[in-house]
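Position 413 of the sequence shown, counted from 1, bears residue number 413 in the UniProt record's numbering, the numbering being contiguous throughout.
Let me begin by presenting the structure, written as structure tokens, before commenting on it.
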Amino acid sequence: MEAVTPRPRPVWIAGVAEPGTAPRPVLHPYDRTEVATVSLASDEQVERAVAGAARLAGETRSVPAHTRASALDQLANEIEARAEEFAELVTAEAAAPLTRAAEEVALAVATLRHGARLAGETRSVPSAAPFGAALPCGVGLTRRVPRGVALGLVAPHRPLAAAAGGVAAALAVGTPVVLAPTPRAPLSALALAETLADVLTAGPLPTGALSVLTTESPDLLAGDARLCPLAWPAGHAQALVLDDWAEVESAASAIAASAADWAGQRYAPVRHVLVHPARAEPFVAALAAALEAQRTGDPYDAAVSVGPLPDEDSASRTLAWIAEATDRGATVVTGGTRSGTAVTPTLLTGLGADALRDRGVLGPVIAVSATDGTDTTGDPSDSDLTARRVAVFTRDVEQALRTADRLTAATADEVVVGDVPRHRPEDVRAAAQALTRETTTVLSGRPG
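Structure follows, in structure tokens:
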């Protein structure tokens with residue numbers, strides 16, 4: 001295990017490890033100790049990586065689906081066999097608590113395996129075509145083909161799962177991939193590249209199909225027309241607890257875990273809960289208890305479930321936002337303090353949904369409002385439920401479907417009944433879909 005080493009880790013240019021032009025320390029977010037040193041890619045290396053990937057697009061696309069699926073399965077197996085090593089990297093670079101780091105590795109493995117299954121579905125399928133008298137017979141073949149080289153911008157709060165998702169989506173559809181992790185947390189992506197390079201060397205896939213570029217401004221790559229940025233869900237989630245959900249403790253437990261996971265930096269953290277007035281008092285008490293049970297501190301402590309925020313600025317902004325909320329009439333039920341960059345999970349009441357919607361809230365912060373949520377309209381401007389992802393806690397199936405219809409007609413893309421939105425391996429399907437375009441080939445059957 002090389003989690004701590006002074007040797008600068010190389011960048012990966014078209015499947016080949018190369019030293020970068022400048023060293024960059026990777027600091028542990030909790031105590032700011034140096035855990036590794038990486039190399040930053042030069043402009044020339046970035047251009048070679050992107051140009052090389054573009055040249056290999058046709059060759060990668062021509063590789064049979066079963067071969068690409070096999071490579072993804074092999075990569076998943078290798079990471080699973082080295083799960084402890086990868087978990088240590090995740091904790092070192094992102095300060096994820098040990099239990100969360102293990103979950104991150106498991107999610108990455110499952111995502112790669114789902115990508116392998118998805119690769120087998122990206123084939124031509126017959127489709128009905130409107131043939132008239134001038135073209136009395138024939139068949140249409142509908143295929144999805146890559147739009148370009150995949151660009152995976154790897155977030156620091158999902159350093160391995162996001163990198164694995166980028167590789168899975170790209171190889172599933174048959175296109176090279178360029179990963180661009182943040183220099184704050186690049187270790188998992190670099191280790192993934194090293195592992196995939198070994199897999200590609202042993203098979204027919206072009207070894208240059210993967211590059212990993214550690215740069216100070218990875219977002220700038222999104223402006224390159226040769227690259228197709230992978231779309232991953234962003235933003236926070238809301239939850240609605242209706243009056244027929246008597247088990248307030250179960251809802252509170254799920255919502256607290258969502259709000260506090262990865263110190264509030266996880267996929268779609270629940271930031272705001274609308275609860276029926278009849279359930280408000282017991283729910284707030286249960287949610288406060290569930291948040292207080294989330295221990296904050298050193299991520300290397302096995303009892304800790306909430307690690308630090310990425311840096312001092314993030315922690316300061318979180319506390320400043322909480323202070324501003326109290327100035328506007330909010331009540332801090334629990335939390336609202338910090339130790340270093342670790343912020344205790346915080347529960348607020350007396351705060352409107354617009355306060356969370358209009359400001360980018362960082363950290364493990366959640367607000368609760370008492371309302372039944374059933375008087376909202378289909379117009380997002382008239383609704384307190386405006387998040388793209390919403391959890392609905394109800395036992396009434398008809399009510400759940402009506403609520404889901406109303407929310408999806410407004411702003412919601414995903415409604416989860418009885419649980420909170422989660423990052424799932426199946427999310428790679430949407431990324432792969434966005435990475436491709438549909439084409440049709442018509443075989444007319446006209447006599448020659």
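Note that beta-carbon positions come from the ideal geometry of N, C-alpha and C, so glycine has one too.
Coarse secondary structure for residue i, derived from DSSP in three states
i      : result
Glu414 : strand
Trp12  : strand
Ser211 : strand
His272 : strand
Ala155 : coil
Ser217 : coil
Thr67  : helix
Ser305 : coil
Ala225 : coil
Pro299 : coil
Thr39  : Note that residue 39 is Ser in the sequence shown here, rather than Thr. Three-state DSSP puts Ser39 in a strand.
Arg388 : coil
Ser250 : helix
Gln238 : strand
Gly378 : In this predicted model, Gly378 has a pLDDT of only 35, less than 50, meaning its place in the structure is not dependable enough to derive any value.
Leu141 : strand
Leu179 : strand
Arg24  : strand
Val343 : strand
Glu80  : helix
Thr441 : strand
Val199 : helix
Distance between beta carbons of residue j and residue i, contact taken as under 8 Å
i      : j      : result
Ala237 : Ala387 : 5 Å
Pro345 : Ala259 : 6 Å
Pro23  : Glu34  : About 11 Å separates the two Cβ atoms, so there is no contact after all.
Gly120 : Ala65  : 5 Å
Thr60  : Thr175 : 6 Å
Ala17  : Pro8   : With 8 Å as the limit, Ala17 and Pro8 do not qualify as a contact, their Cβ atoms being about 11 Å apart.
Val105 : Ala69  : At roughly 21 Å, the Cβ-Cβ gap does not stay under 8 Å, so Val105 and Ala69 are not in contact.
Asp219 : Leu153 : 7 Å
Ser264 : Gly363 : Residue 264 is actually Gly in this sequence, not Ser. About 5 Å separates the two Cβ atoms, so the contact holds.
Gly350 : Ala330 : 5 Å
Identity of the residue in the options nearest residue i by Cα
i           : options                        : result
Gly115      : Thr441, Gln399, Leu72          : Leu72
Val163      : Gly174, Leu187, Thr142, Pro146 : Checking the sequence, you will find Ala at residue 163 rather than Val. It is Leu187 whose Cα lies nearest to the Cα of Ala163.
Val284      : Val332, Tyr30, Arg184          : Val332
Pro425      : Glu312, Leu112, Ala252         : Leu112
Gly223      : Gly15, Gly418, Val50           : Val50
Ala54       : Val420, Glu438, Thr403, Val177 : Val177
Ala342      : Ser62, Asp327, Leu351, Val304  : Val304
Pro159      : Pro282, Arg389, Pro310         : Pro310
Ala391      : Gly329, Ser369, Leu89, Ala268  : Ala268
residue 473 : Gly208, Asp31, Glu312          : This structure leaves residue 473 out entirely; the chain is present only between 1 and 448.
Pro229      : Leu401, Leu443, Leu179, Ser211 : Leu179
Ala257      : Pro183, Asn77, Leu196, Val365  : Val365
Arg48       : Asn77, Phe86, Ala185, Ser211   : Ser211
Gln294      : Trp262, Ala76, Arg389          : Trp262
For residue j and residue i, the rounded distance between their alpha carbons
i      : j      : result
Asp255 : Arg422 : The question names Asp, yet the displayed sequence has Ile at residue 255. Going by the C-alpha atoms only, they are around 11 Å apart.
Thr371 : Asp243 : 10 Å
Pro146 : Leu56  : 12 Å
Ala101 : Gly307 : 11 Å
Leu171 : Glu194 : 16 Å
His276 : Leu287 : 14 Å
Trp245 : Val417 : 11 Å
Asp396 : Val248 : 15 Å
Pro204 : Ala302 : 42 Å
Ala290 : Val420 : 15 Å
Ala161 : Pro97  : 15 Å
Gly335 : Val361 : 15 Å
Ser250 : Pro282 : 12 Å
7 Å Cβ shell around residue i - same chain, five flanking residues per side excluded
i      : result
Glu2   : Its pLDDT being 46, under 50, Glu2 is placed unreliably by the model, and nothing is read from it.
Gly378 : The pLDDT assigned to Gly378 is 35, lower than 50, so where the model puts this residue is not dependable, and the model offers no usable value.
Ala400 : Val392, Thr394, Val417
Residues of its chain near residue i, where Cβ-Cβ distance is below 6 Å and the 5 sequence neighbours each way are ignored
i      : result
Val428 : Thr111, His114, Gly115, Gly165, Ala168, Ala169
Thr337 : Thr344
Interface flag, residue i vs chain C, CB-CB below 9 Å
i      : result
Ala342 : Among the chains in the structure shown there is no chain C, since it carries only a single protein chain.
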